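Have a look at the structure below, then the notes.
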Amino acid sequence: MKAWQKPGFWLPLVIVLVWGGVVLLIHQDTMRETAFVLLMAVGLASSLNILLGYTGYVSFGHIVFFGLGGYTGFYLLSEQGWPLFAAAIGGGLLSAFIAGLVGLAVLRLRGAYFALATIGINEAARAFVSNFGPYGGATGMFVNFSAYEKYGGPGPALWTTFTFLWITTLVVLLVSYLVKHSRFGLGLLAIREDEDAAMVMGVKAPKSKTITYVISAFFPGVIGTLYFFKNGNIEPGDAFQLHMSIEMLVMVMLGGMGTVMGPLVGAVGYQWLRGYLLTSPIFKDLHLAVAGAMLLVIILFVPAGIVGWVRNHVRRLQKVLE
Amino acid sequence: MLDQLISSLTDGLLLGFVYGVAAMGLTLIWGVMSVINLAHGPVIALGMFGTYLLFTHLGVNPYLAMVPVAGAGLIAGLVIYVIAVHRVINAPHLSSLLATFAVNMIIIGVGTAVFSTSPQNIDYSLGSVEVGFLTFPASRLVGAFGAILVTACLYLFLYFTRPGKAIRAVANNRMAAELMGIPSSRVLALSFGLGTMMAAVAGGLIATFFPFTILSGGPYELKSFVICVLGGLGNPLGALVGGLILGGLEGLIPTFMPVSWVPVVEFGLFVLVLLVRPTGLFGAK
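So the protein sequences, as listed, match chains W and Y. Under the working numbering, the first residue of the first sequence is numbered 1, with each subsequent residue one higher. Under the working numbering, the first residue of the second sequence is numbered 1, with each subsequent residue one higher.
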């Protein structure tokens, strides 16, 4: 396959492949937890990037798909006794389905109107789930203990969850690359630059945008199920945090939007920085303010993000970083 | 039943005036420079704390304290504009959204370190007012009156003063305004300052009703979004009407269904209006 000769294609995949493989080999619990948080961030940021980076549509409430998918997966798994794999796919499919329905309408809005609408959808979903009986209302749900038994108890179940997350992240990165380098992706990039011109040139913008929205909603749903299964409980406040949604945007911006490698770099960089600030004695109380100041500096002075900046300044790396 | 309905409607409407002021600040900024100010909530919270500090430490009457709080809000807005917004004013929306969100994080971060997140309240009561069968706290009435006063001032400023006219000109067409010799950067900074000032005043008024923490601005910021969209983004008078609608809904809905359904209706309506009439309920087609 020709794609294998391009480092831009295999580099992110190999990094995540080796990373997850090492964690599985060493088999240490703390290391797995760290890797879980980081891989989850990579997966969420990358799936957001498929919409944000390629079409330029700012989904401010993208976490709604994480929450809805997570809730549905959790419900299927804990209340209906589905196996984890099927439940995760179920959560993802529900997110994708909702995205398809909502997307048809919401994607007609452009720019800040779209961003506002996505915030509204997230808040509406949070408020709805808080009142929805089968999902446990405001108190949420706890995992049914028998769900762990299929995987030989809670300990091994966490390792299974990690493995699924690892695979999901690999798939997200793969899809991200494939979308970018397909004819379809070129259409999306055209929409990002000038939607009206793209439509004149024959890009079916409404259809393309909706498909992209569906793709970028599917993975957060899967990841949500895995995350809340790992946590053992789910509640509306955790599932629909607007703050987390914005963190995803920050990761994408930090790494460089519209690149495959960017969300990987941005997610790991952001989480590392956050961890450092939270544990450092000087910045502990001010970690949010320091993170905000750094975000401001990046937005104002390095709007292309780390990967974008390197690509623009080091010609030789342009072929390596996609 | 009717008595109860009318009394909760009045209560909601009085609150709606104050929501309207908060939303007016947001809508002014949007109308002039097409920036959604995500630092709006924290500024509302700062307005609450400004009033609180002046009241508890210096013994200033909370309503009198609004004046210095408004001044501080104006200055804070100018500073935020110069540091965070000016450079991204022509960039894609994502940049200005994230830049103002960065300001949000900074304010919340510093605010949490200074004030912690324990709830505070302004212990100042005006007693209650009785009109026929209606009884409501007098602070609500004063709050609504303050909101109308602020709106009137904004209206007079925008329509009858030179800087106000300049703001409207820049909102209408920045390029043309610049060609007419209006210093658009200064006008943009002033509008941002006015927007934050409204937020701070709204925060001060809300602080006289409810207890608050440094994080309390968030829900009001979300409400402001809903109100702005109902009234038409960029339309200050629409924002006041939108505030009344939202306040009225908040008063009425709990008499028909559990309180926890209020946000479902609010945000459902929000998304619906965005989809069907993005120019707002009263905006031009």
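Even for Gly, the Cβ is constructed at its ideal location relative to N, Cα and C. All values derive from a computational prediction rather than experimental measurement.
Self-check item: Distance between Y:V262 and W:V310 (C-alpha atoms, nearest Å)
Solution: The alpha-carbon atoms of W:V310 and Y:V262 are separated by roughly 48 Å.
Quiz prompt | Minimum Cβ-Cβ distance from Y:T112 to chain W less than 8 Å | solution = yes
Exercise. Count the other C-beta atoms from every protein chain shown that fall within 10 angstroms of the C-beta of W:M141, then say buried if there are 16 or more, exposed otherwise.
Key: With 16 or more other CB atoms across the displayed protein chains lying within 10 angstroms of its CB, W:M141 is buried.
Self-check item: Y:P68 (DSSP reduced to helix, strand or coil)
Solution: DSSP, reduced to helix, strand and coil, places Y:P68 within a helical segment of the structure shown.
Self-check item: Contact set between W:F128 and chain Y, taken where Cβ atoms lie within less than 7 Å
Solution: V264
Quiz prompt | 6 Å Cβ shell around Y:K285 - same chain, five flanking residues per side excluded | solution = Here the model assigns Y:K285 a pLDDT of 44, short of 50, so the residue's position is not dependable, and the following value carries that caveat. None.
Quiz item: How many whole angstroms separate the CB atoms of Y:A39 and Y:I107, which I take to be in contact at a CB cut-off of 8 Å?
Solution: 7 Å
Quiz item: Once you ignore the five residues that flank Y:L179 on each side, which residues in its own chain have a CB closer than 6 Å to its CB?
Solution: none
Exercise. Evaluate contact between the segment 155-163 of chain W and the segment 27-41 of chain W, counting only Cβ atoms and requiring at least three cross-stretch pairs below 8 Å.
Key: yes
Quiz item: From W:S47 to W:I299, what distance separates their C-alpha atoms?
Solution: Taking the straight line joining both Cα atoms gives about 21 Å.
Quiz item: Are W:A267 and W:A45 close, meaning C-beta to C-beta below 8 Å?
Solution: yes
Self-check item: Segment limits, beta strand (DSSP E) that includes Y:F136
Solution: L134 to P137
Quiz prompt | 6 Å Cβ shell around W:V143 - same chain, five flanking residues per side excluded | solution = S78 and G232
Quiz prompt | Where W:G123 meets chain Y, residues with beta-carbon distance less than 7 Å | solution = Before going further, note that residue 123 of chain W is Glu rather than Gly in the sequence given. The contacting residues are L222, P263 and F267.
Practice problem: May I have the straight-line CA-CA distance separating Y:G16 from Y:F225, to the nearest angstrom? | Solution: Each residue's alpha carbon lies about 14 Å from the other.
Quiz item: What separation, rounded to the nearest whole angstrom, lies between the Cα atoms of W:G111 and Y:L249?
Solution: 28 Å
Quiz item: Around the C-beta of Y:M1, are 16 or more other C-beta atoms found within 10 angstroms, so that it is buried, or is it exposed?
Solution: exposed
Self-check item: Expected contact under 8 Å - CB spacing of Y:T51 and Y:G164 to nearest Å
Solution: That pair is no contact at about 26 Å.
Practice problem: Can you pull the chain Y residues whose beta carbon is under 7 Å from the beta carbon of W:I366, in chain order? | Solution: Residue 366 of chain W is absent from the structure shown; chain W starts at 1 and stops at 322.
Quiz prompt | Per-residue contacts from Y:G109 into chain W (C-beta, under 8 Å) | solution = Ordered by position in chain W, the residues that pass the 8 Å Cβ test against Y:G109 are L286, H287, L288, A289, V290, A291 and G292.
Quiz item: Residue ranges of each alpha helix (DSSP H) run of no fewer than 4 residues wholly in the segment 90-176 of chain Y, ordered along the chain?
Solution: Runs found: 93-115, 138-160 and 162-172.
Quiz item: Looking at C-alpha atoms only, which residue of W:L116, W:A147 and W:L264 is the closest neighbour of W:I306?
Solution: W:L264
Quiz item: Considering Y:P263, what are the terminal residues of the alpha helix (DSSP H) in which it resides?
Solution: V262 to V276
Quiz item: Is the segment 215-230 of chain W close to the segment 272-284 of chain W, with three or more CB pairs under 8 Å?
Solution: Judged by Cβ distances under 8 Å, the segment 215-230 of chain W makes no contact with the segment 272-284 of chain W, as fewer than three pairs qualify.
Quiz prompt | Local conformation of Y:I182 per DSSP, three classes | solution = If DSSP states are grouped into helix, strand and coil, Y:I182 belongs with coil.
Exercise. With a threshold of 16 other CB atoms inside 10 Å of the CB of W:G308, please say whether the residue is buried or exposed.
Key: buried
Quiz prompt | chain W contact for Y:I253 (CB, 8 Å cutoff) | solution = no
Exercise. State yes or no: is the beta carbon of Y:L46 nearer than 8 Å to at least one beta carbon in chain W?
Key: no
Self-check item: Assigned secondary structure, W:I299 (DSSP; H/G/I helix, E/B strand, else coil)
Solution: Reduced to three states, the DSSP call for W:I299 is helix.
Quiz item: For Y:M257, is the classification buried or exposed, using 16 other Cβ atoms within 10 angstroms of its Cβ as the cut-off for buried?
Solution: Exposed, because fewer than 16 other Cβ atoms sit within 10 Å of the Cβ of Y:M257.
Exercise. State the Cα-Cα distance for the pair Y:A23 and W:Q5, rounded to the nearest angstrom.
Key: 55 Å
Quiz item: Exposed or buried, which one is Y:C153 when buried takes at least 16 other CB atoms within 10 Å?
Solution: exposed
Quiz item: Under the three-state reduction of DSSP, which class applies to Y:K285: helix, strand or coil?
Solution: Because the pLDDT at Y:K285 is just 44, under 50, the model does not fix this residue reliably, and the value given afterwards should be weighed accordingly. Coil at Y:K285, not helix or strand.
Quiz item: By DSSP, does Y:I245 sit in helix, in strand, or in coil?
Solution: helix
Exercise. Could you tell me whether the Cβ of W:M253 comes closer than 8 Å to any Cβ of chain Y?
Key: yes
Exercise. For chain Y, find out if any of its Cβ atoms is closer than 8 Å to the Cβ of W:G120; answer yes or no.
Key: yes
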